[in-house]
Each structure stands twice: as C-alpha cells, then as structure tokens.
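Reading through the structure tokens given below for one structure.
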Amino acid sequence: MRFGLRLFLLLALVRQAHATDWTVIKQQNRDYVTFDNVAEFYRFEGYSHANGTVALRSDRRTVRAQAGTSEIFINGIRFFTCCPILFRDNSNLISAVDIGKIVEPVLRPSRIKDAQHIATVVLDPGHGGMDNGASGTWGAEKTFTLAVALAARTELQKAGFKVQMTRESDKAISLEDRVDFASKFPHAVFISIHFNSASGGAGVESYRLAPEGVASNASNGEHHLAATDSQPDEGNAQDAQNIALTAAVHASVLSRTASFDRGIRHARFKVLRHIRVPALLLEAGFVNDSTEGQKIATQQYQQQLGAAIAQGVQSYDLAVNYRADGGTLAMVHTNLPMHSRPITELLHPTATPAAASDNGQQ
Numbered sequence: 042m043r044f045g046l047r048l049f050l051l052l053a054l055v056r057q058a059h060a061t062d063w064t065v066i067k068q069q070n071r072d073y074v075t076f077d078n079v080a081e082f083y084r085f086e087g088y089s090h091a092n093g094t095v096a097l098r099s100d101r102r103t104v105r106a107q108a109g110t111s112e113i114f115i116n117g118i119r120f121f122t123c124c125p126i127l128f129r130d131n132s133n134l135i136s137a138v139d140i141g142k143i144v145e146p147v148l149r150p151s152r153i154k155d156a157q158h159i160a161t162v163v164l165d166p167g168h169g170g171m172d173n174g175a176s177g178t179w180g181a182e183k184t185f186t187l188a189v190a191l192a193a194r195t196e197l198q199k200a201g202f203k204v205q206m207t208r209e210s211d212k213a214i215s216l217e218d219r220v221d222f223a224s225k226f227p228h229a230v231f232i233s234i235h236f237n238s239a240s241g242g243a244g245v246e247s248y249r250l251a252p253e254g255v256a257s258n259a260s261n262g263e264h265h266l267a268a269t270d271s272q273p274d275e276g277n278a279q280d281a282q283n284i285a286l287t288a289a290v291h292a293s294v295l296s297r298t299a300s301f302d303r304g305i306r307h308a309r310f311k312v313l314r315h316i317r318v319p320a321l322l323l324e325a326g327f328v329n330d331s332t333e334g335q336k337i338a339t340q341q342y343q344q345q346l347g348a349a350i351a352q353g354v355q356s357y358d359l360a361v362n363y364r365a366d367g368g369t370l371a372m373v374h375t376n377l378p379m380h381s382r383p384i385t386e387l388l389h390p391t392a393t394p395a396a397a398s399d400n401g402q403q
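First residue of the sequence shown? That's 42 in my numbering, and the numbers climb one at a time after it.
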C-alpha cells in the first residue's frame with residue numbers, strides 16, 4: 042500500500058463518528074491541517090495563536106506548538122513530531138501523519154484499534170556481560186538498567202501483571218534474541234531500559250518506533266532510514282499502541298522523578314523495529330552527568346524509576362481499555378466525541394477496564 046494512500050486512510054479513520062471534517066492542505070509534499078481544524082475536531086474550548094505560537098485548551102487537555110519547530114507539547118509533555126510545524130497564510134499547520142500518529146492516540150487512547158488488556162510486561166535491561174553500555178564515575182549502565190528492571194518487576198507483580206525479563210543477571214543477550222523473546226508472549230508490552238552518556242546532557246527521553254515513511258530523529262546510519270513498502274518494519278503495526286505506551290511511561294517517569302523532559306522521540310533501533318508487541322525504549326538519565334549520575338547509582342532512585350515504569354504501564358492499560366461507566370463499547374464510540382482523559386493522566390481507580398544515546402546499541 043502506498044504511503045499516500047495510508048495517510049488518506051489514516052485521516053478517514055480519525056474523522057469517523059464525528060461531524061467535523063478535515064480540510065487537507067498540501068505542503069512540502071505532505072498532507073497538513075490547520076490547528077483551527079484540530080481545535081474544532083477535538084472540541085478545545087480555548088484556542089489562540091500569535092507569532093507562530095498556537096495553544097489549545099480545555100478542561101483536562103492542553104496542546105502547544107511553535108511554527109518552525111518539530112515539537113508539540115500535549116499536557117506539558119514534549120513530543121518530537123514526524124514533520125515540522127508550519128505557518129502559512131496566517132495559520133499554524135500540523136501534518137496529517139502527526140495527527141494520526143501522535144495527537145489521536147494520545148488524546149483518545151480508548152479508540153486505539155486492537156489495543157489489548159496487558160497480561161505480560163517484558164522488561165529489557167539494556168546491555169550486559171562484556172557490554173557495559175555507557176559508563177560514569179558511579180558505575181556502568183548495564184548495572185543500573187538491571188537494578189531498575191528488578192525494581193519495576195516487583196511493582197508490576199504487585200499490580201497483578203506477569204513479568205518476563207530478557208536478562209536477570211549480568212549476561213550478554215543479543216538484540217535479536219531480546220526481540221524474539223518478547224514477541225513470544227501474547228497480550229504483552231516491551232520496555233527496554235537504558236541510560237545516556239553525553240557531554241552536557243541531562244534528563245529523560247523515550248523512543249517509539251518511527252512511523253513508516255518517517256526517518257529517525259535519534260541518529261544516523263541504519264537507525265535513521267525510513268521504512269518503506271519494500272522494507273517494512275513489523276513494529277509499525279503497533280504505531281498507535283507504541284506512542285500511547287511511550288507517552289504513559291514517559292509522563293509517569295517525569296512525574297515521579299522531576300527530571301528534565303528531553304521529549305518523546307522516534308527511531309529505528311533494532312529492539313523496536315521487528316518486535317510484534319507494543320514497545321518503547323527509555324533513556325532514564327545521563328550516567329556521566331555529575332548530578333544525575335550520582336542519583337542514578339542510588340537504590341532510592343532506582344526504586345523510584347521502577348515504580349514510575351510500573352505506574353506508566355498501569356496508566357496505559359487502563360486508558361486503552363477504558364469504558365464509560367454503565368455504557369457499552371458501541372455507546373462510547375457513538376456518543377463520546379473523545380476520551381475524557383488523555384494517556385498522560387492516570388485514570389481514576391474506579392474506571393472500568395475492558396478486562397481484568399547509547400552509541401547505536403539499541
């Protein structure tokens with residue numbers, strides 16, 4: 042299927058069960074829509090724009106963007122867009138692919154097609170064995186990723202999830218074996234845990250698989266190239282679940298650790314490309330930073346990160362399986378213009394679910 046046709050079908054899917062239609066504007070060989078159109082479609086009561094900056098506001102939701110950048114903030118969380126935000130004819134424009142691949146699944150997670158109740162969480166502590174990963178004064182990445190994964194496992198098990206780990210000790214596991222292992226489990230999600238190292242770097246960033254036809258914004262080389270019809274990536278079958286899961290975990294980590302938000306990015310790391318379950322890669326801080334590195338080495342912070350990951354998984358699971366109290370799924374899809382709570386906000390416990398950089402080594 043051609044990429045342009047996919048975009049057409051994507052827009053058709055997004056516009057269903059809603060009176061508002063999209064007005065498509067061609068820019069840079071891409072389909073774009075105005076933020077006026079976005080505000081009307083998603084029923085934002087507040088909308089303003091000036092000097093290339095746009096802000097949308099409603100009861101629980103905010104969206105902010107700046108023309109000339111490739112970033113959008115949803116409820117204060119930073120997302121790197123697939124295409125740049127544009128300003129044309131006194132209007133701010135966002136690409137159709139970003140509506141379908143970021144805005145829609147984040148604002149309306151309960152409408153994600155084929156999203157399933159999570160039975161198993163596969164935790165992937167990055168590196169291991171002879172591969173230390175990034176190193177700092179206080180230790181090696183491989184040690185910290187395992188400690189965080191073990192902490193997350195404890196919290197997830199308390200919450201009733203089954204947990205599988207790609208490694209439980211200091212041993213080497215190939216990237217291909219990690220992917221094959223995770224893909225064995227039905228109704229699963231995959232979380233690969235890493236830490237960064239760079240001069241002057243600080244904060245937390247998360248990665249989902251770059252959508253088809255979109256190049257990575259993480260690195261050059263094989264991780265950068267866009268997937269095509271002739272070389273598809275299996276992981277793109279879960280694009281909506283990938284971004285919703287990544288947003289939920291990323292928001293939870295930021296909330297619990299008060300870390301600097303380096304944003305939700307897209308890449309073609311090997312552990313994301315051919316996996317057959319929703320997946321994300323978390324870079325949970327910089328081990329070589331004088332402040333962050335020392336904090337990452339503490340058991341308290343490792344427990345914090347583990348609890349944050351577990352909370353993010355629960356947020357995602359509740360959100361994608363959310364049903365309005367007393368209503369059938371058909372009624373929800375017919376009567377609700379949108380999910381009342383975005384993926385970045387934990388649903389109230391009474392909500393009823395449907396059923397109980399790393400040098401290119403990722």
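Every residue, glycine too, gets a C-beta built ideally from N, C-alpha and C. Here the structure is a predicted model, which means the values were calculated and not measured.
With 16 or more neighbouring CB atoms inside 10 Å of its own CB, R249 falls in the buried class.
Exclusion of the five residues before and after E196 leaves G347, A348, A351 as the residues of its chain whose Cβ lies within less than 6 Å of its Cβ.
The continuous stretches of beta strand (DSSP E) do not include N70, and DSSP gives it neither H nor E.
One Cα belongs to A192, the other to E209, and the distance between them is close to 12 Å.
Residue environment for H228: exposed (fewer than 16 other C-beta atoms within 10 angstroms of its C-beta). The beta carbon of E86 sits closer than 6 Å to those of S99, all from its chain and outside the five residues before and after it, given in chain order. Cβ contact annotation for T332 (same chain, cutoff 6 Å, sequence separation greater than five): none. Nearest C-alpha to H168 among G201, I234, N116: I234. Measuring C-alpha to C-alpha distances from V220 to each of V162, A181, R314 identifies R314 as the nearest. With fewer than 16 other Cβ atoms from the protein chains shown falling within 10 Å of its own Cβ, Q341 counts as exposed. If the five residues before and after G170 are omitted, its C-beta is found closer than 7 Å to the C-beta atoms of D211, K212, A213, all from its own chain and listed in chain order. At the C-beta level, A243 and F120 stay beyond 7 Å of one another.
Straight across, the Cα-Cα distance linking R149 with T178 is about 43 Å. Contact between the stretch 151-162 and the stretch 110-120 is absent: fewer than three C-beta pairs spanning the two stretches fall below 8 Å. Closest in C-alpha terms to K199, from the list V354, R297, V361, I113, comes V354.
Scanning A308, A256, R303 for the CA closest to the CA of N283 turns up A308. The closest CA to that of Q343, considering only G276, K154, T186, N258, is found on T186. In this structure, the alpha-carbon of T103 lies about 21 Å from that of V245.
A contact is defined here as three or more CB-CB pairs under 8 Å, and the stretch 73-81 meets this definition with respect to the stretch 123-141.
Exposure of N92 is indicated by the presence of fewer than 16 other C-beta atoms within 10 angstroms of its C-beta. For G109 and V204, the gap between their C-alpha atoms comes out near 42 Å. In this structure, the alpha-carbon of G334 lies about 14 Å from that of T298. With at least 16 other beta carbons inside 10 angstroms of its own, N237 counts as buried. In the DSSP assignment, T298 forms no beta bridge with any residue. Listed in chain order, the non-local C-beta contacts of P319 below 6 Å within the same chain comprise V230, Q279, Q282, N283, L286, local neighbours out to five positions each way being set aside.
V220: not part of any beta strand (DSSP E); member of the alpha helix (DSSP H) spanning 216-224, first to last residue. DSSP places Q279 in the helix class (H, G or I) of the three-state scheme.
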